[in-house]
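Student: The opening position of the sequence shown corresponds to residue 31 in the numbering used here, with each subsequent residue numbered one higher.
Handing you a structure now.
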Amino acid sequence: MRFASNWDKWTIEKQRSYQLSMLKKFLVNQVIRFSPHYSRLHKEGKFQVEKLKTLDDLKHLPFTTKLDMIPTEENPAKSREFILQPNPDTVSSQLTTKRKSELIAGKLIRGKSPKSQILDEYLPVFFTATTGRSAGQVPFVYSSHDVLRLKEAGKRLYDVAGMVKGKDFLLNLFPYAPHLAFWVVYAGSESSGVPGFHSGGGKTLGTHRILDLISTLKPTNITGVPGYVYHILRIASEKGMDLSSIRSIALGAERTTQGHRDKFRRFLQSGGADNVAILSTYGFTEAKMAFIECPEGEQMGYHLFPDMGIFEIVDTESGEPVGEGQPGEIVYTSIDSRGSVVIRFRTGDYTKGGILYKPCPACGRTVPRLTSNLTRLTNKKELNLAKVKGTLVNMNDVDEIIHAFNEIVEWQVEIGKVNNDPLETDSVTFYISLKKDSDQDRLTREIVHEFTKRFEFAPNRIVIESTDDVLKRLGMETELKEKRIIDIRNQCG
Ligand SMILES: [Zn+2]
């Protein structure tokens with residue numbers, strides 16, 4: 031498989047014509063033939079690939095949602111219906127003439143039998159899983175073909191982030207888990223030639239060993255979940271460690287707030303690292319890849335790979351595609367993967383600034399850019415946080431409020447019920463730790479004030495604890511992702 035080396039310089043016309051031709055071929059030759067889910071829809075007349083004359087016709091195909099894939103009692107292996115699975119007995123009659131001649135060429139040149147070549151293309155060799163709590167885990171399958179795509183996407187992440195072979199060294203703090211973030215960073219390190227220490231994060235190595243690694247390896251880039259990178263940089267800064275080797279921080283798996291960015295800058299400056307680029311990334315299991323901002327400007331948007339997939343933004347209510355720069359839900363369509371494949375997948379992620387098609391004013395790449403300010407609509411549902419005391423609370427806002435207080439070191443929010451009584455009203459408790467010599471009474475008053483101003487209700491309790499105690503609540507060294515906000519309303523009584 032070959033990838034375009036000038037993928038980031040194509041004109042928008044070239045991007046669109048390439049996407050249309052790839053999409054048509056992919057749907058006709060792969061998806062409606064080998065995906066049990068889409069081939070069934072096609073037979074029922076609900077997936078009319080024949081209507082696809084221009085890219086805008088994509089809107090005639092139905093959406094795919096997380097609900098279509100999560101296991102049910104009648105069908106516990108529902109996600110398998112999204113895996114491309116040619117029948118070994120009949121596959122040869124379903125291949126295109128071009129593919130057949132490629133297989134013959136493969137046999138002549140590399141001595142590989144057509145059957146073994148087909149196995150390489152379709153056989154599952156690698157899995158990641160979604161992290162959904164209430165919805166159950168959905169495994170996502172990669173064939174060797176997809177692993178090559180993962181490596182290419184990873185290489186492009188390093189490229190957009192400005193990391194260079196022979197110059198940079200990356201410290202990967204994402205947890206070892208079957209989650210995309212860790213593996214795309216690992217794959218990209220291998221394919222770009224930028225060395226990486228893939229530590230597994232606090233749960234695997236522990237904070238002290240990670241701090242030692244920073245001292246000895248002198249990484250130029252640190253990548254991980256914002257909450258954990260915060261934890262590491264805060265301690266490094268308190269210990270007066272030399273951080274001057276660091277040129278960029280890449281954050282993923284959770285939203286990066288302005289508060290994070292400001293605090294990271296302060297910690298880094300105290301360790302002698304000026305002008306550090308703080309980049310956020312966007313990825314999701316179903317895309318089998320991730321995207322990053324470029325370091326040349328501030329929040330220039332996630333640089334997409336137009337030859338590897340199609341992004342649309344749709345109105346959350348009507349489902350109609352919206353124009354450039356308009357807000358809406360992010361919808362993703364794969365155009366050349368194998369293994370698990372989704373078409374018009376509704377991510378549940380909402381973008382305020384939509385997609386921009388103008389070349390990036392900072393780095394000049396011509397790729398579409400997904401504006402950086404995203405909200406994950408589904409998380410609120412999963413965590414059951416939509417309503418607290420009858421008010422819709424966006425937990426990203428809580429994060430912003432807390433980070434605005436320089437004196438707060440660590441924090442956790444617990445949503446429960448008053449007196450632990452399931453019939454009572456909701457209660458909100460803040461567990462916070464403060465810097466030495468902070469004025470506790472003034473801070474408590476100010477937090478209540480800021481919180482009430484934003485949410486129209488006050489937290490019920492603010493409990494001040496030692497940083498170690500709050501870190502234990504968060505599971506900073508024991509959990510894959512720290513438990514920043516916990517909802518125990520279902521466990522009361
Ligand atoms: Zn750029």
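Beta carbons: idealized from backbone N, C-alpha and C, even for Gly.
Suppose contacts are defined by Cβ-Cβ distances below 8 Å. Is Phe227 in contact with Asn251 by that definition?
Tutor: In this structure, Asn251 does not lie closer than 8 Å to Phe227 by Cβ.
Student: May I have the straight-line CA-CA distance separating Cys393 from Glu326, to the nearest angstrom?
Tutor: In a straight line, the C-alpha of Cys393 is about 6 Å away from that of Glu326.
Student: Could you tell me the distance, in whole angstroms, from the CA atom of Glu412 to the CA atom of Val443?
Tutor: Any reading at Glu412 is ruled out, since the residue's pLDDT is 42, under 50, leaving its predicted position unreliable.
Student: Determine the contact status of Gly384 and Thr401, defining contact as a CB-CB distance below 8 Å.
Tutor: Yes. Within cutoff.
Student: Please list, following the chain, all residues that have a C-beta closer than 6 Å to any non-hydrogen atom of ligand 1.
Tutor: In chain order, the hits are Cys324, Glu326, Met330, His333, Cys390, Ala392, Cys393 and Arg395.
Student: Find the nearest neighbour of Glu495 within the set Gln521, Asp469 and Ser463, judged by alpha-carbon distance.
Tutor: Ranking the options by Cα distance to Glu495, first place goes to Ser463.
Student: Is it true that the CB of Thr381 sits closer than 8 Å to the CB of Gly358?
Tutor: For Gly358 and Thr381, yes; Cβs fall inside 8 Å.
Student: Within 7 Å: the Cβ of Thr497 and any heavy atom of ligand 3?
Tutor: Of the ligands this structure carries, namely ligand 1, none is ligand 3.
Student: Please report the Cβ distance between His433 and Cys390, rounded to the nearest whole angstrom; I am assuming they are in contact, meaning their Cβ atoms lie under 8 Å.
Tutor: 28 Å between Cβ atoms; not a contact.
Student: Grab the span of the alpha helix (DSSP H) containing Ile477 for me, first residue to last.
Tutor: It spans Gln470 to Phe485 - the alpha helix (DSSP H) in which Ile477 sits, taken as one unbroken run.
Student: Between which residues of its own chain and Lys248 is the CB-CB distance below 6 Å, once the five residues before and five after are set aside?
Tutor: So the list reads Ser275, once near-sequence residues are dropped.
Student: To the nearest whole angstrom, what separates the beta carbons of Thr497 and Glu430, a pair I think is in contact under 8 Å?
Tutor: No, Thr497 and Glu430 are not in contact; Cβ-Cβ is about 21 Å, not under 8 Å.
Student: Measuring CA to CA, which of Ser364, Thr346, Thr363 and His72 is closest to Gln356?
Tutor: Among Ser364, Thr346, Thr363 and His72, the Cα nearest to that of Gln356 belongs to Thr346.
Student: How should Leu453 be labelled, buried or exposed, when 16 other C-beta atoms within 10 angstroms of its C-beta is the threshold for buried?
Tutor: With fewer than 16 other Cβ atoms within 10 Å, it is exposed.
Student: What is the residue span of the beta strand (DSSP E) that His209 lies within?
Tutor: Taken as a continuous stretch (DSSP letters only), His209 belongs to no beta strand (DSSP E), as it is neither H nor E.
Student: Considering Cα atoms alone, identify which of Phe321, Ile322 and Leu273 is closest to Gln299.
Tutor: The residue with the shortest Cα to Cα distance from Gln299 is Leu273.
Student: Give me the Cα-Cα distance between Glu486 and Asp471, rounded to the nearest whole angstrom.
Tutor: Between Glu486 and Asp471, the C-alpha separation is close to 21 Å.
Student: Relative to the alpha-carbon of Ala183, which residue among Ile516, Ala320 and Lys513 has its alpha-carbon at the smallest distance?
Tutor: Answer by Cα proximity: Ala320.
Student: Go through its chain and collect everything with a Cβ distance to Asp176's Cβ below 8 Å, but skip five positions before and after it.
Tutor: Contacts found: Phe156, Lys318, Ser367, Arg368 and Gly369.
Student: Tell me which same chain residues have a C-beta within less than 7 Å of the C-beta of Lys54, skipping the five on either side of it?
Tutor: Result list for Lys54: Leu82, in chain order.
Student: Rank Phe170, Lys447, Met52 and Pro106 by C-alpha distance to the C-alpha of Thr315 and give the top, closest one.
Tutor: Checking every option, the nearest Cα to that of Thr315 belongs to Phe170.
Student: For the region 93-158, which segments carrying the alpha helix (DSSP H) assignment without a break, of at least 4 residues, lie completely within its bounds, in sequence order?
Tutor: The qualifying runs are 96-99, 121-124, 127-140 and 144-152.
Student: State the DSSP-derived secondary structure class of Thr287, mapped to helix, strand or coil.
Tutor: If DSSP states are grouped into helix, strand and coil, Thr287 belongs with coil.
Student: Taking the alpha-carbon positions, what's the Met99 to Leu501 distance?
Tutor: Approximately 35 Å, taken between the alpha carbons.
Student: Is it the case that the Cβ atoms of Val306 and Arg264 are separated by a distance below 8 Å?
Tutor: In this structure, Arg264 does not lie closer than 8 Å to Val306 by Cβ.
Student: For Ala191 and Glu328, I'd like the C-alpha separation in whole angstroms.
Tutor: Roughly 12 Å between the two C-alpha positions.
Student: Suppose contacts are defined by Cβ-Cβ distances below 8 Å. Is Phe56 in contact with Ile365 by that definition?
Tutor: Yes, they are a contact pair.
Student: Which residues does DSSP list as the beta-bridge partners of Ala280?
Tutor: In DSSP, Ala280 forms a bridge with Thr253 and Leu309.
Student: Is Lys96 buried or exposed, if buried means 16 or more other CB atoms sit within 10 Å of its CB?
Tutor: When all chains shown are included, Lys96 counts as buried.
Student: For Phe204, name the three-state secondary structure that DSSP assigns.
Tutor: It is coil, neither helix nor strand.
Student: Around the C-beta of Glu284, are 16 or more other C-beta atoms found within 10 angstroms, so that it is buried, or is it exposed?
Tutor: Result: buried.
Student: Please classify Ala317: does DSSP put it in a helix, a strand, or coil?
Tutor: DSSP places Ala317 in helix when its eight states are reduced to three.
Student: Given Gly524, which residues of its chain have a CB within under 8 Å of its CB, disregarding the five upstream and five downstream residues?
Tutor: Outside the shown range of the chain, which is 31 to 523, sits residue 524, and nothing can be said about it.
Student: Could you please give the first and the last residue of the uninterrupted alpha helix (DSSP H) stretch that includes Glu43?
Tutor: Looking at the DSSP string, the run of the alpha helix (DSSP H) that includes Glu43 is Ile42 to Phe56.
Student: DSSP state of Thr378, grouped into three classes?
Tutor: For the sequence presented, residue 378 should be read as Gly rather than Thr. In the structure shown, Gly378 sits in a strand (DSSP, three-state: E or B).
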